[in-house]
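Protein chains in written order, with the working numbering: chain Z, 1 to 631; chain R, 1001 to 1487.
Beta carbons: idealized from backbone N, C-alpha and C, even for Gly.
Notes follow the structure.
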Amino acid sequence: MGGSRFDVIVVGGGHAGIEAALACARLGANCALVTHDIGEIGRMPCNPAIGGLGKGHLVREIDVLGGEMGRAIDDTGIQFRILNRRKGPAVRSPRAQADKHAYQRRMEDVVTTQSSLTVIEGDATGLLVEAGHVAGVQTGGAGRITAPRVILCSGTFLRGLMHVGETRTTGGREGAASSEGISADLARLGFTLRRLKTGTPPRLLRGSIDFKRLTPQPGDEQPVPFSFRTGHFAPDQVECHQASTNAGTHEIIAAALDRSPLFTGLIAGRGPRYCPSIEDKVVRFSDKDRHLLFLEPEGRDTDEIYVNGLSTSLPADVQIKIVQSIPGLERARIVRYGYAVEYDSIPSWQVGADLQAKSVEGLYLAGQILGTSGYEEAAAQGLMAGVNAVRGLDGKPPVILGRDEAYAGVLIDDLVTKEIDEPYRMFTSRAEHRLHLRCDNVESRLMSAAEEIGLLTSRERDLLVQRNEFVDLVRTLLEKSRVRISGKREVVRASRALRLDGVGLGDLEKFGTEGADLINTINLEYNKLLNNKIPPHVAQGALEQVENDIKYRGYIVKHDKLLRQRSHLDHLELPTELDYMTIKALSYEAREKLNRVRPVTLGQAGRIDGVRAGDLAVLTVFMKRWTSGAG
Amino acid sequence: MNKVPDDQTTVVALATPAGEGGLAVVRLSGPEAVVIAARVFRGGSFPIGIRTHRAIFGELFRPAAEGTGPASTTRGRDVIDHVLALPLLAPHSYTGEDTVEFFCHGGRVVASEVVAACCAAGARPAPPGEFTRRAFLNGKLTLDQAEAVADLIHAGDVRSARAAVRQLLGGFDAELAKIEEPLLELLAELEGSLEFMAEEGLTVDSSRIMDVLGRSCEAIDGLLRVAPAGRLLRDGVQVVLVGPPNVGKSSLFNRLVGEQRAIVDDDPGTTRDVISTRVIRGGQSFVLHDTAGLRTEADKVERKGMARTRSMAASADIILRLVASNEPSADQAGDLDGVNAPSPGDDTKPVTPVVTVLTKCDLAATGDTTISPGGDVAAGRMIVRTSSRTGEGLAELWSVLEDVTAGFHIDEAVSLGVVLNDRHRARLEQCRAGLQELMEMHQHEHPAAEVVATLLTGILTGLGEVSGRVFSEHLLDSVFRRFCVGK
């Protein structure tokens, strides 16, 4: 558009906003980031951690695709663990505690020094829309900013309302004003809004806790970084601690329920079932005599300890009693009280798979505003929204990741297809291709998407290429070489031998001289990689991928067979301009949902709850009629 | 937004079975039903002032030549029949479209003339099942109901009609839910142990996994056991008579059917082809097939007939193997060569029951039999002595046929309200195979819980195709109900 200085405006400096703004700027667009406070860029308002089950997968993917989060946590993390180590490779996921302040400062630094990116401090108070196309953003204080693309990443700020017991304060989070104008504009533009809520636990003063009475939780002895771009990695790790509630705690909570906004109905929004408040837990699982809590330091040197598992909106005095009823915390002092925040969200069926609003061209939404929960989920959306906004400007088709390609693909497909009525968090069980979407093969499965997106430097791309070639080489080697299984005369393919024995590559030496030879060859190639400055953890990850591919190939084949019965549906496209209400043969519920979601393929239609097999059959019949013209 | 294009054509067909009868109903359905009806029917002020569901008596005639309206007087019109016209206007008709039904006198000639008249007036002949298809597309019937209607229409007997009605009422869904729920519970436990209670080191017991999977297999087996009942109900029990030439197949056939349908002749090799007739006994349809006699010397036509015999026998539900009492050893060899043997490697296909019938027992000398009657029921072989000439043994033969049929579990299917069509059956078989594989895998390889969970998810998705439940939403419900998730 002639006259505007900017190509893209990103509203919000949270985890979605950061990825969106950086992606836009790095792809060459002239980008503005509007935030009410530069010092809040990259703030972690809740859990001072990145990663976890399912989320760790997202961070790895964001990293390989060229996003920032992985590097940021590697630089500022204070404890690193791989979760589910003893379970299978598909559910193993990295997690790290962050130094919140260091993380925030680093992100602020990166954002403010990024070329082609201008940070504008101010409140976004309204959206400018002309003839169904976004035109810019109205700010309080910085006037009108125009741009043909706007990415809304306002998190929990839209008409945010905080609750501590009976006290209500408007605000997106503690110490931050809420954003009032945008919700009204969105409603006027025809968007449906929905109230959601989320909660956060109290923070305790480090010095007032008796750590000796708590169970320590150290980081991994050999911590692994998130980013493939991280070289030398030897963080100085801190300990977390485990505590638990008891019957006394539960009594205190039960007695105060009438003062809990959750139970008195003061809080309108729907909260996430997987992150229940402690009130929730005590009421719903009244037979449990204790609930585990995890005390996590918010920084290396800070005094604040985050109490994971104690999310609450009970009044301040009750919170004090609760904390002090816990062994080890009898004298603990609360530095910040836990609170719940209600906010407006835009039910995500209102955006397409490229995260662009269906009703306003050029307007993208990403992050908690779409009803997700979690920094990682937000960052993944922010990255894709930024990428697609710029591609839209360049006339390129959007990048849509498949459900069989990435958790980010599962996330966005779920958002636009399913009925999300609670804040959406990633779980590995949401991915039907879970066995294939592992942390050890991200570089492999997202190589082509990363190239398509184009955020990586040529050196970084080269690193990936070498890593993936190494994987192919080792795999081919194992396929083609034969080894003798000990004690038998049989000679089998090395890969088969490994599968049968269920062992790792390191045990190849069990298979006689051929096995030893193989190890030598692999080691040679491995060392070549290291000499080319491929970080050791990347090379190590490559070997893990080979091992796990071998171990899981059979299961993946079986599973694909089960899925293939349906996969043809993913190739049957549905017309975009169809009014499903006119197809009387569909159930009413299906018609409503189909009109709302507007699935692109029959496969996507089948993922909508309420669209049954019979409805799919009807659609198939109608598609035949549609494509062959009038009957 | 656009609509999917409607059916633009108006179709016509006989809605009652062809043949003799007191009444025939010809149905017109489609956007031009009333207009076309007005071109062939005159009664009262039709079509002016027509009301849905209000019948009008009048004349049905051949439409006047194109370009001219119908003659205004009775004498000018070419009347086919006096009929009752019943307009059933959209959406309150079987198909959901405008329909006009003509109740005319029965008889092949009149009915087909009425249909022809409608065609001349602009209707197209409806292909088989068209009315039901339109009813389905207009939302008057669900997919399962449409299939059940087809079954109901074709039901030759009371039992299959009953089963079809039950299916219309949804007995199948309940049975499926019983299979899905324990699997969903197990999956929730597995996911809980993987995702949510990772810190607390929870795992699901191996024996519990095997237990739930095993029981689901059994439950699916239960449903599959009654699966053949669907075909048996729809098509009837196929009974094929085989035996060497001149052993009395056609005579026995005629006796069983109760009328002369096959040509009986002393010349061996008379029956060249296969003759089939449906007989209903005790509420169950049997379709009897008389076949060409199997013998080694045969001319070309006869050999063709013999080939057909073999293929009929291969797909029979019950084989009646005829042996002449007075020539027990004559050309017995090769009569059932390989027909009844299970295919190599396929031990799932049940062996077809064979009833050996000693024919012409009035001609045999008493005590002179190389095959003793009675036989070994457990081995699936029963023996009955009959004489088509005297009628001896026929009642006993019917009794044996009914006993064998009882073993097909048709009653069980009907009472469960479960009549599986091929679509259901195929899906269920796939799921069962998947469960079986999973159990074996779990036993021998002890894969990680995530593998079991992922494969189980695939199986449940397959089941969901039959029941229509997208269970992935319900999975999370299940998990959160059981687990206090908090991190």
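- List, in order along the chain, the chain Z residues whose C-beta lies closer than 8 Å to that of R/Glu1195? Counted from its first residue, the second sequence places residue 1195 of chain R at position 195. Per Cβ cutoff of 8 Å: Leu53, Gly54, Val91, Phe427, Thr428, Ser429.
- Item | Host alpha helix (DSSP H) of R/Tyr1094 (start-end) | Position 94 of the second sequence holds residue 1094 of chain R. No alpha helix (DSSP H) contains R/Tyr1094, which DSSP labels as neither H nor E.
- Item | R/Phe1131 - DSSP class collapsed to helix/strand/coil | By one-based count along the second sequence, residue 1131 of chain R stands at place 131. Correct three-state label for R/Phe1131: helix.
- State whether the stretch 592-606 of chain Z contacts the stretch 349-361 of chain Z, with contact taken as three or more CB pairs (one from each stretch) at a distance under 8 Å. Because the criterion of three Cβ pairs below 8 Å is met, the stretch 592-606 of chain Z and the stretch 349-361 of chain Z touch.
- Item | alpha helix (DSSP H) segment containing Z/Asp414, residue limits | Residue mapping note: residue 414 of chain Z aligns to position 414 of the first sequence, counting from 1. Residues 407-417.
- Under 7 Å between beta-carbons, which chain Z residues line up against R/Val989? List them in chain order, please. Nothing can be reported for residue 989 of chain R: it is not among the residues displayed for chain R, which extend from 1001 to 1487.
- Message: Whole angstroms are fine: how far does the CA of R/Glu1445 sit from the CA of Z/Pro148?
- Response: Numbered from its first residue, the first sequence carries residue 148 of chain Z at position 148. Numbered from its first residue, the second sequence carries residue 1445 of chain R at position 445. If I take the Cα positions, the gap works out to 57 Å.
- CB Z/Ala90 to CB Z/Arg438, shorter than 7 Å? Taking the first sequence and counting its residues from 1, one reaches residue 90 of chain Z at position 90. Taking the first sequence and counting its residues from 1, one reaches residue 438 of chain Z at position 438. When the beta-carbon positions are compared, Z/Ala90 and Z/Arg438 come within less than 7 Å of each other.
- What residues from chain Z crowd round R/Ile1459, counting only those whose CB sits closer than 9 Å? Counted from its first residue, the second sequence places residue 1459 of chain R at position 459. The contacting residues are Leu562.
- Query: How would you write the range of the alpha helix (DSSP H) that Z/Lys593 sits in, first residue to last?
  - Reply: Here the question's residue 593 of chain Z lines up with position 593 in the first sequence. That run of the alpha helix (DSSP H) goes 588-597.
- Message: Please list, in chain order, the residues of the stretch 432-463 of chain Z that have any C-beta partner in chain R closer than 7 Å.
- Response: Listed in sequence order: Glu432, Arg434, Leu435.
- Query: In the DSSP assignment, what are the bridge partners of Z/Lys645?
  - Reply: It is not possible to answer for residue 645 of chain Z, since the shown part of chain Z is limited to 1 through 631.
- Query: When burial is assigned at 16 or more other CB atoms within 10 Å of the CB, is Z/Lys551 buried or exposed?
  - Reply: In the first sequence, residue 551 of chain Z corresponds to position 551, counting from 1. By the 10 Å Cβ count, Z/Lys551 comes out buried.
- Query: Does any C-beta atom of chain Z lie closer than 7 Å to the C-beta of R/Glu1032?
  - Reply: The count along the second sequence starts at 1 and reaches residue 1032 of chain R at position 32. So, not an interface residue.
- Does any residue of chain R bring its CB to less than 7 Å from the CB of Z/Asp497? Your numbering for residue 497 of chain Z matches position 497 in the first sequence. Checking the sequence, you will find Ala at residue 497 of chain Z rather than Asp. So no, Z/Ala497 is outside the interface.
- Item | Any chain Z beta carbon closer than 7 Å to R/Thr1099 | The count along the second sequence starts at 1 and reaches residue 1099 of chain R at position 99. So no, R/Thr1099 is outside the interface.
- Local Cβ density within 10 Å of R/Asp1376, reported as buried at 16 or more and exposed below that: Within the second sequence, the letter at position 376 stands for residue 1376 of chain R. In this predicted model, R/Asp1376 has a pLDDT of only 42, less than 50, meaning its place in the structure is not dependable enough to derive any value.
- Message: Buried or exposed for Z/Asn47, going by 16 or more other Cβ atoms inside 10 Å?
- Response: Against the first sequence, residue 47 of chain Z aligns to sequence position 47. Z/Asn47 is buried by the Cβ-count criterion.
- Query: What whole-angstrom Cβ distance do Z/Leu214 and Z/Gly328 have, given they're in contact under 8 Å?
  - Reply: Numbered from its first residue, the first sequence carries residue 214 of chain Z at position 214. Numbered from its first residue, the first sequence carries residue 328 of chain Z at position 328. Sure, about 5 Å apart at Cβ, within 8 Å.
- Task: Just the chain A side, please: which residues come within less than 7 Å of R/Asn1138 by C-beta, in chain order?
- Result: Going by chain labels, chain A is absent from the structure shown, which instead holds the protein chains Z and R.
- Task: Can you pull the chain Z residues whose beta carbon is under 8 Å from the beta carbon of R/Leu1213, in chain order?
- Result: Residue numbering aside, residue 1213 of chain R sits at position 213 when the second sequence is read from its first letter. None at all; the shortest Cβ gap to chain Z is about 15 Å.
- Contact set between R/Pro1447 and chain Z, taken where Cβ atoms lie within less than 7 Å: The residue you call residue 1447 of chain R lines up with position 447 of the second sequence. Per Cβ cutoff of 7 Å: Tyr555.
- Item | Anticipated Cβ contact below 8 Å, Z/Thr76 with Z/Arg106, distance rounded | Here residue 76 of chain Z refers to the residue found at position 76 of the first sequence. Here residue 106 of chain Z refers to the residue found at position 106 of the first sequence. Rounded, the Cβ-Cβ distance is 6 Å, consistent with contact.
- Item | Contact with chain Z by R/Leu1455, beta-carbon distance below 7 Å | Taking the first residue of the second sequence as position 1, residue 1455 of chain R is located at position 455. At a cut-off of 7 Å between C-beta atoms, R/Leu1455 counts as an interface residue with respect to chain Z.
- Message: What does the Cβ neighbour count give for Z/Arg499, buried or exposed, with the cut at 16 atoms within 10 Å?
- Response: Position 499 of the first sequence, counted from the first residue, corresponds to residue 499 of chain Z. A residue is called buried once 16 or more other Cβ atoms fall within 10 Å of its Cβ, and Z/Arg499 is buried on that count.
- Let me know the secondary structure DSSP gives R/Ile1319 once reduced to three states. In the second sequence, residue 1319 of chain R corresponds to position 319, counting from 1. In this structure, R/Ile1319 counts as strand in the three-state DSSP scheme.
- Task: Could you tell me which of Z/Arg336, Z/Ala357, Z/Asn246, Z/Ala316 sits nearest to Z/Ser325, measuring between CA atoms?
- Result: By 1-based counting over the first sequence, the position of residue 325 of chain Z is 325. Measuring from the Cα of Z/Ser325, the nearest candidate turns out to be Z/Asn246.
- Consult DSSP for Z/Leu619 and reduce its assignment to one of helix, strand or coil. As a working note, residue 619 of chain Z is residue 619 in the first sequence. Z/Leu619 falls in the helix class under three-state DSSP.
- Give the straight-line distance between the Cα atoms of R/Thr1016 and R/Val1110, rounded to the nearest whole angstrom. Residue 1016 of chain R sits at position 16 when you count from the first residue of the second sequence. Residue 1110 of chain R sits at position 110 when you count from the first residue of the second sequence. A straight line joining the alpha-carbon of R/Thr1016 with that of R/Val1110 spans about 13 Å.
- Name the DSSP beta bridge partners of Z/Ser244, please? Your numbering for residue 244 of chain Z matches position 244 in the first sequence. DSSP lists Z/Leu292 as partners of Z/Ser244.
- Item | Counted within 10 angstroms of its Cβ, other Cβ atoms place R/Gly1021 as buried (16 or more) or exposed | Counting from 1 along the second sequence, the entry for residue 1021 of chain R is found at position 21. Looking at its Cβ environment, which holds fewer than 16 other Cβ atoms inside 10 Å, R/Gly1021 is exposed.
- Message: Distance check for R/Pro1125 and R/Ala1013, CA to CA, integer angstroms please.
- Response: Stepping through the second sequence from its first residue, residue 1013 of chain R is reached at position 13. Stepping through the second sequence from its first residue, residue 1125 of chain R is reached at position 125. Their backbone Cα atoms lie some 6 Å apart in a straight line.
- Message: Can you check which of these residues, R/Glu1218, R/Ile1280, R/Thr1203, R/Gly1248, is closest to Z/Arg86 by C-alpha distance?
- Response: Residue numbering aside, residue 86 of chain Z sits at position 86 when the first sequence is read from its first letter. With distances taken between Cα atoms, Z/Arg86 lies closest to R/Thr1203.
- Item | Residue from R/Gly1129, R/Arg1385, R/Arg1027, R/Leu1023 whose Cα sits closest to the Cα of R/Leu1088 | Numbered from 1 along the second sequence, position 88 holds the residue referred to as residue 1088 of chain R. Nearest option by C-alpha distance: R/Arg1027.
- Is the CB of Z/His241 under 7 Å away from at least one CB in chain R? Along the first sequence, read from residue 1 onward, the residue named residue 241 of chain Z stands at position 241. Closer than 7 Å: no.
- chain R contact for Z/His133 (CB, 7 Å cutoff): Sequence index remark: in the first sequence, residue 133 of chain Z carries index 133 (1-based). So no, Z/His133 is outside the interface.
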